[in-house]
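Trainee: According to the numbering used here, the sequence shown holds residues 10 to 155 in order. For every residue, glycine included, the Cβ atom is placed at its ideal position computed from N, Cα and C.
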Amino acid sequence: MSNELNLQEHYARKKSIVAITGKAILFASMQFAIGSVEMSSKFSVKNFSKDQTTLQHAADALSDYIFIGVVWTLGTCMMFWGNYGMKGAIINFIANFIIMAWIMTSYKGAFEYACVTGNLEYPELFRKRKNVHLGLNQASTAAANQ
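1) Classify Val125 as buried or exposed, calling it buried when 16 or more other Cβ atoms lie within 10 Å of its own Cβ.
2) Report yes if the C-beta distance between Ala98 and Phe106 is below 7 angstroms; otherwise report no.
3) Take Tyr131 as the anchor and find which of Thr82, Val54 and Lys139 has the nearest alpha-carbon.
4) If you run the structure through DSSP and keep just helix, strand and coil, what is Phe57?
5) Using only the alpha-carbon positions, how far apart do Ile108 and Ile29 sit?
6) Please work out which residues of its chain come closer than 8 angstroms, Cβ to Cβ, to Lys24, disregarding the five sequence neighbours upstream and downstream, and give them in chain order.
7) Short of 8 angstroms in beta carbon distance, which residues of its chain neighbour Thr63, apart from the five on each side in sequence? Order them along the chain.
8) Roughly how many angstroms separate the alpha carbons of Thr85 and Asn101, rounded to a whole number?
9) Nearest-angstrom Cα distance between Val80 and Met87?
10) Distance check for Ser115 and Arg22, CA to CA, integer angstroms please.
11) Compute the Euclidean distance between the alpha carbons of Phe76 and Tyr20, then round it to the nearest angstrom.
12) Look at Ala119 and Lys51 and say whether their C-beta atoms are less than 7 angstroms apart.
13) How would you write the range of the alpha helix (DSSP H) that Phe41 sits in, first residue to last?
14) Is the distance from the Cβ of Leu129 to the Cβ of Ser72 below 7 angstroms?
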């Protein structure tokens, strides 16, 4: 019986190591997203926002992300609540809030940099937009009508 218990314990540890390794790889891969925000996106805002329209498009993208981030946070809060109760939902909410606040702060710094270096006005977040998804269609329709 002692050998059987040791064997079960051995397999439980092995299974635990596999699960830990899998989760570590999953969470480490999220560094790609963090790196993307810090490097590519902020780089683009700082270096390519030379006019007010381009800077406003970057602010519109941040506004869209915030909406998606809130939906993601609510969905993951429901999942954590289902798995871990209210404590899990609260911890998940706090973690998501910190990440979203960091991204927003990071982008706002890039907007400020673009405003100072390009002599631009700070863009408007959460502005009402008309036909946001029809931009390319409108341009091609206008070109066809000429």
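Mentor: Working from what's here:
1) exposed
2) no
3) Val54
4) helix
5) 23 angstroms
6) none
7) Phe57
8) 7 angstroms
9) 11 angstroms
10) 41 angstroms
11) 44 angstroms
12) yes
13) Gln40 to Gly44
14) no
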